[in-house]
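*Asks:* Numbering (this note's numbering), first residue to last: 981 to 1197.
From the three backbone atoms N, C-alpha and C, an ideal C-beta is built for every residue, glycine too.
As the structure is a computational prediction, the values presented were derived from the model and not from experiment.
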Amino acid sequence: MTINLCFHGIGDSSREREPGGEKYWIGREVFLGVLDEVRDRPGVHLSFDDGNISDVEAGLPALLERGLHATFFPLAGRLGESSSLSPSDLRALRAAGMEIGTHGWAHIPWRHLTAQEQQRELVDAREALAEASGGRIDDAALPLGRYDRKALAELRGHEYRRVFSSDRFPARSSAWLQPRYSLTATDTVATIRDIIAHRASLADLRSRTRSAVKRLR
Ligand SMILES: [Zn+2]
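1. Would you identify the three-state DSSP class for L1015, choosing helix, strand or coil?
2. The alpha helix (DSSP H) with L1040 in it runs from where to where?
3. Smallest Cα separation from S1062: which of F1028, S1034 and S1191?
4. Would you mind sorting T1082 into buried or exposed? The rule is 16 or more other CB atoms within 10 Å of its CB.
5. May I ask you to check if the CB of H1025 is nearer than 7 Å to at least one heavy atom of ligand 1?
6. Grab the span of the beta strand (DSSP E) containing L1026 for me, first residue to last.
7. State the start and end residues of the unbroken beta strand (DSSP E) segment that holds L966.
8. How about P999: is its Cβ closer than 7 Å to a heavy atom in ligand 1?
9. From this set, S1154, D1030 and A1075, which residue's C-alpha is nearest E998's C-alpha?
10. Indicate whether L1040 and A1076 have their beta-carbon atoms separated by less than 8 Å.
11. Given 7 Å as the limit, tell me if P1067 has its C-beta closer than that to any heavy atom belonging to ligand 1.
12. Going by alpha carbons, who is nearest to I1088 out of A1180, I1172, A1105 and R1186?
13. Among R1197, H1092 and S1145, which has the Cα closest to the Cα of R1129?
14. Based on the DSSP output, what are the partners of R1142 in its beta bridges?
15. Candidates N984, R1021, V1018 and S1068: which alpha carbon is nearest F1028's?
16. Less than 7 Å separating the Cβ of P1089 from some heavy atom of ligand 1?
17. Based on the DSSP secondary-structure assignment, which residues constitute the bridge partners of A1050?
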């Protein structure tokens, strides 16, 4: 069993690019506390979505200090914007042993895409991120955690190795679709400790049911 934790922004949330996105930013102290909590816990996988510049300013040094590994899911359409990762940041992440995946091009849900949008989100973004980061892109993180049966079929068709959602329950380590827990501004080290310690609960069951509905709709 794997617990997937997902970070978005660390520190000053005024750098968030989208209205409402601030609620996924966490303070630096909480971030460091969570890393200290997971450093000796096998079975916890870390990821960072959206490619905010805090990934390299706050995230990378703290990961390296603790010998931790993570996957980063930037947006191809924001590469090099002032508050987002640049191609050289992506190369620095890879050089430090981190993995790079894709979060698509424009941060739009991968449901009901036109053929043109699908090409840009699932193919062009992957190629642009591979080129920018100097390596293969095998994994994808679903923008806004949204998906349906057709979106998953498309991702399988494009031979993505693993796809990460935001469905908030533990993952089978070998599963192709990996649910994650996104941290929010109200999380503390204690709330994350509870998630990692994981006791099966009614909330789990609800999350699993919601995920099943999305897979089948
Ligand atoms: Zn996102």
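*Replies:* From the atom records:
1. Reduced to three states, the DSSP call for L1015 is helix.
2. L1040 to E1045
3. S1034
4. buried
5. No; taking the cut-off as 7 Å, the Cβ of H1025 has no heavy atom of ligand 1 nearer than that.
6. V1024 to D1029
7. What is shown of the chain runs 981 to 1197, which leaves residue 966 out entirely.
8. no
9. D1030
10. yes
11. no
12. A1105
13. R1197
14. D1119
15. N984
16. no
17. L1026
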